[in-house]
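Take a look at the structure below.
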Ligand code: FRU
């Protein structure tokens with residue numbers, strides 16, 4: 001179905017209760033509803049927003065269009081949790097109900113100040129010629145979770161030299177000063193990020209562009225994020241317009257990071273290394289991080305991408321968020337590990353050890369459509385070995401390691417209903433290892449694979465049939481030893 005502009009910009013309170021109920025019924029009947037991921041009750045979810053720890057809870061919001069699986073009038077939807085695993089529905093967070101966010105409460109971040117949670121976000125507006133005018137706005141949440149907007153935006157003008165693609169403020173505090181970094185497009189249509197400073201989160205001073213060595217790297221940088229860990233400065237962003245290169249940059253848009261020395265402020269000089277993709281899978285975009293009370297840095301991403309149709313669209317909803325990951329820096333690289341608290345979801349434990357030689361094998365106790373599995377594969381001379389999951393007699397999602405080419409591959413060409421196949425149906429990365437440690441989270445319609453303790457991550461949606469619950473292990477042309485642990489969820 002083609003959505004008209006009028007349908008896309010309809011507010012949820014303009015829709016009848018019957019229609020919303022009918023939509024919710026279609027959504028709930030969808031065979032691909034997730035069991036342990038954050039997903040919208042109806043409509044479309046995209047970027048994580050306002051990820052923060054405040055008043056004893058993690059707060060997480062997401063971009064939400066309630067009325068269908070399209071990018072329409074965006075709200076912030078609110079969920080909260082004590083443990084990053086069990087999330088409580090906290091209802092709509094920010095509604096696009098002011099002049100300054102009339103066409104969407106777009107992405108932004110949150111920070112505690114004076115005992116309250118300040119949320120800085122982009123108010124998206126369109127004029128009568130449908131020209132975009134972005135405003136940077138503030139909404140303040142108190143200890144009862146009541147959210148009140150400031151009447152006026154705190155940054156009303158796009159500075160000279162930039163287009164109206166100016167959005168997604170991420171705030172942090174250094175000493176007594178707040179900084180915000182905003183995703184931007186220069187007039188010459190290259191992407192960049194712009195920094196402002198403030199002492200009170202309301203009066204902002206333009207400092208200028210973040211000075212990186214990537215002066216011509218895509219046409220727009222969305223969802224920037226800056227934080228520090230030990231002596232490192234880490235800048236995460238989602239550049240649009242990067243061409244595929246071998247196994248790299250294969251998705252429609254990318255998300256990645258630069259690591260360097262701490263940013264000098266207010267000069268904004270950033271000396272950094274190469275751009276690295278955060279995720280090697282098919283469906284990952286616009287991540288956001290926050291600092292946990294124990295000092296660890298946690299990241300959540302959107303498990304989806306813009307401009308691609310997903311099979312759940314037919315059932316009136318699209319997308320979910322990734323499981324939260326802990327970030328650390330090792331040898332100039334970000335290491336990403338699932339948060340430990342996910343262990344709370346573990347139910348029955350199964351263990352299997354096996355040496356496979358030129359065979360494909362499954363084990364009665366290992367099957368499922370929603371589980372966590374750890375598989376260590378060692379002592380191999382097999383040319384290619386791995387795991388087939390969410391499999392039945394004809395379908396499978398395959399994780400394989402080719403020890404000749406030293407490549408780890410995720411193949412969803414035969415997973416089930418196709419998605420985004422114009423961007424290919426395998427993703428791969430180079431990996432030189434003599435022991436493979438695969439930590440896998442499988443949900444009804446997704447796989448998140450953490451490789452060798454977080455050196456690489458592959459995040460992907462898959463759309464298999466409900467009976468695809470087999471797990472098979474294989475070793476071709478040689479031997480491989482598998483040590484498997486699995487927990488039902
Ligand atoms: C990224 C993005 C942001 C924007 C939001 C709108 O996916 O395009 O740049 O704020 O989504 O939903």
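Residue numbers (the UniProt record's numbering): 1 to 489.
Glycine residues also receive a C-beta, built at the ideal position from the N, C-alpha and C atoms.
Asked	Found
Coil, strand or helix - residue 194 by DSSP	strand
For residue 20, the nearest candidate out of 41, 122 and 70 (CA to CA)	41
Residue 273 versus residue 150: straight-line alpha-carbon distance, rounded	39 Å
Touching by the beta-carbon criterion (3+ pairs, under 8 Å), the stretch 461-469 and the stretch 345-352	no
Cβ-heavy atom distance, residue 174 to ligand 1, below 7 Å	no
Proximity of residue 411 and residue 425 at Cβ, strictly below 8 Å	yes
Residue 132: CB within 7 Å of a non-hydrogen atom of ligand 1	no
Residue closest to residue 335, alpha-carbon to alpha-carbon, out of 343, 271 and 326	326
Beta-carbon gap between residue 448 and residue 441 smaller than 8 Å	yes
Cβ-based neighbour list, residue 198, same chain, cut-off 6 Å, excluding 5 preceding and 5 following	178 and 204
Simplified DSSP state of residue 25, which is helix, strand or coil	helix
Simplified DSSP state of residue 106, which is helix, strand or coil	strand
Buried or exposed by the 16-neighbour rule on C-beta atoms within 10 Å, applied to residue 353	exposed
Closer than 7 Å: residue 464 CB and nearest ligand 1 heavy atom	no
Continuous beta strand (DSSP E) assignments of at least 3 residues falling wholly in the stretch 333-389	333-338, 349-367 and 371-378
Residue of 50, 35, 48 and 96 minimising C-alpha distance to residue 13	96
Any non-hydrogen atom of ligand 1 within 7 Å of residue 361 CB	no
Any non-hydrogen atom of ligand 1 closer than 7 Å to residue 394 Cβ	no
CB contact flag (residue 345, residue 268, <8 Å)	no
Beta-carbon proximity list for residue 85, same chain, < 7 Å, skipping 5 on both sides	341, 342, 344 and 345
Any non-hydrogen atom of ligand 1 within 7 Å of residue 261 CB	no
CB of residue 401 within 8 Å of CB of residue 386, strictly	yes
Spatially closest choice to residue 237 from 231, 243, 383 and 253, by CA coordinates	253
Check whether residue 262 and residue 207 have beta carbons under 8 Å apart	no
Residue 168 Cβ short of 7 Å to ligand 1 heavy atom set	yes
Backbone CA spacing between residue 171 and residue 359 [nearest angstrom]	53 Å
C-alpha gap between residue 289 and residue 259, whole angstroms	15 Å
Alpha carbon of residue 477 to alpha carbon of residue 368, nearest angstrom	28 Å
Proximity below 8 Å, CB of residue 356 to CB of residue 480	yes
Distance between residue 266 and residue 309 (C-alpha atoms, nearest Å)	42 Å
Sequence-distant residues of the same chain with beta carbon closer than 7 Å to residue 108, five excluded per side	49, 50, 119, 120, 121, 122, 168 and 169
Residue 270 versus 43, 304 and 235, residue with shortest Cα-Cα distance	235
Any non-hydrogen atom of ligand 1 closer than 7 Å to residue 68 Cβ	no
Three-state secondary structure assigned by DSSP to residue 315	helix
Limits of the unbroken beta strand (DSSP E) element including residue 167	162-174
Proximity test, residue 104 beta-carbon vs ligand 1 heavy atom, cut-off 7 Å	yes
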